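Have a look at the structure below, then the notes.
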């Protein structure tokens, strides 16, 4: 079975002859589901706040370029994004270890608060240096989200639920991206870009204040341990105690990671996929300059990308838990091929004369499909792998893998901004993405195949 393959056998087994009363079972299950639902929803809302603080820069980009006080162009805006990605890279190398040590809940809430404050301050700035510094801090805070949630999920949920929980969390990031893009782009019609940052920051700060009431550290901290939740705790504890990295310190865990071919493959795969995801932050400017759209309309139209991601990750978590390792190779490989075809089509659209309205509609459709195609491979395999392989060091592992991702994205932010700023540069910009998409497809399919081969061998040995 799929779950036996991943966990290495059945753990936390329950006495088959012990049958509690049906009524108690129903109550216990309800209590268990209520707490699990509360934790998932709270994580989703918190991560939505982090995503909003990140996305508002891309949405406000066209308006910032038109502000005569700022003297920004596409290249300097790309530099702002690049410094933000540098913050992500720095955060991934540090926040994972911090989350493993102090607990996911504390770091998660602190990250939302810091991102909210720096977003508010960003809206008051005027110099490029200040933009670089505060966007660095904002994205540094945002980078703590995924490692923190890995720790929260590790202590709250059994392995059989990891795929769907990550699917819900990834969905929240896409929902927030869609909502932010549509809402804040609409607000551009009635307020300045500075107002957008103030609005996003205040909403996120309110979220940081509310989170501690509903997001608990563990089942024990919830204060309500039903029989069903006690079984969950026993199963999670048994897995944690049996994990090969249970008695290893952070340095020892890093040595184990770097000796693993899967670690290097998933790191390089996420690095290339992160470059593809950076296209999202350039889309409003791309649409504005290519189709002469006003900033608000360009922002609203760019929602096609996160909307595609939203639909994909909402279903991907459930699908992932139900697919065999072999079928995952085919399904996720096929989506990455679709992503390549989308980029090739975008490149083709720019080489011939089309009716402007038709070209815009086709472009929006391709951007939607591109977001749909790359998001499952970006979010789900790495997240599940990090908990299974990293154990109590899952935050550290998530951080290391994401660090590779944001190193690639940071380089692309600077390079992509310079390329797009040239005459006819958007075609070259898309060409870079096409090459990267080929690389990501090859690496991710190889990673999934090795995961399948190892799980098959392990299952045969058992």
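Numbering (the working numbering), first residue to last: 6 to 467.
Glycine residues also receive a C-beta, built at the ideal position from the N, C-alpha and C atoms.
Owing to the predicted nature of the structure, the values given are computational and were not obtained by experimental measurement.
Counting the other CB atoms within 10 Å of its CB gives residue 196 a total below 16, which places it among the exposed residues.
The stretch 263-270 and the stretch 279-290 do not touch, with fewer than 3 CB-CB distances between them shorter than 8 Å. Contact between residue 137 and residue 85 holds: their C-beta atoms lie close to 6 Å from each other, under 8 Å.
A Cβ-Cβ contact shorter than 7 Å links residue 280 with residue 414. In this structure, DSSP gives residue 80 a helical state, which the three-state scheme calls helix.
Taken through DSSP and simplified to helix, strand or coil, residue 269 comes out as helix. The C-alpha of residue 47 lies about 23 Å from the C-alpha of residue 203. Around the CB of residue 97, 16 or more other CB atoms lie within 10 Å, so the residue is classed as buried. By the neighbour-count definition (other C-beta atoms within 10 Å, threshold 16), residue 390 is a buried residue. Counted as a single uninterrupted DSSP element, the alpha helix (DSSP H) harbouring residue 158 occupies residues 150-161. For residue 364, the enclosing alpha helix (DSSP H) covers residues 361-395. Taking all protein chains in view, the Cβ of residue 398 is crowded by 16 or more other Cβ atoms within 10 Å, so the residue is classified as buried. Scanning its chain for C-beta atoms nearer than 6 Å, with the 5 sequence neighbours on each side dropped, one finds around residue 347 the residues 371, 374 and 375, in chain order. DSSP places residue 118 in the uninterrupted alpha helix (DSSP H) bounded by 109-127.
The alpha-carbon separation between residue 345 and residue 378 amounts to approximately 9 Å. Between residue 176 and residue 318, the C-beta gap is smaller than 7 Å, which places the two residues in contact.
Under the criterion of beta carbons closer than 8 Å, residue 131 and residue 75 qualify as touching, at roughly 6 Å. Straight-line measurement puts the Cα of residue 442 at about 14 Å from the Cα of residue 433.
Annotation for residue 211: the continuous alpha helix (DSSP H) segment containing it runs 198-219.
Cα atoms of residue 364 and residue 298: separation of roughly 13 Å, rounded to the nearest angstrom. With a beta-carbon spacing of about 6 Å, residue 92 and residue 142 fall inside the 8 Å limit used to define contacts. Restricting attention to alpha helix (DSSP H) runs no shorter than 4 residues, the stretch 40-108 encloses them at 79-107, ordered along the chain. The three-state reading of DSSP puts residue 331 in helix, counting H, G and I together. Counting only residues of its own chain and dropping the five nearest sequence neighbours on each side, residue 45 has a CB closer than 7 Å to the CB of 170 and 173.
In the assembly as shown, residue 407 is a buried residue. Its beta-carbon has 16 or more other beta-carbons within 10 Å. Taking 7 Å as the cut-off, the beta carbon of residue 251 is found no closer than this to the beta carbon of residue 400. Under the three-state reduction of DSSP, residue 251 is assigned to coil, being neither helix nor strand. Boundaries of the alpha helix (DSSP H) harbouring residue 424: 399-425, taken from the DSSP string. Across the set 128, 290, 193 and 257, the C-alpha of 128 shows the shortest separation from the C-alpha of residue 58. By the Cβ-count criterion, residue 53 is buried, with 16 or more other Cβ atoms from all chains shown falling within 10 Å of its own Cβ. About 4 Å separates the CB atoms of residue 79 and residue 426; that is less than 8 Å, so the two are in contact.
Taking all protein chains shown into account, residue 257 has fewer than 16 neighbouring C-beta atoms within 10 Å of its C-beta and is therefore exposed. Residue range 133-147 is occupied by the alpha helix (DSSP H) that includes residue 135. Taking a contact as a CB-CB distance under 8 Å, the pair residue 392 and residue 159 counts as one, their CB atoms being some 6 Å apart. Of the residues assessed, residue 100 falls on the buried side of the cut-off, its CB having 16 or more other CB atoms within 10 angstroms.
Taking every protein chain shown into account, the CB of residue 382 has 16 or more other CB atoms within 10 angstroms, so this residue is buried.
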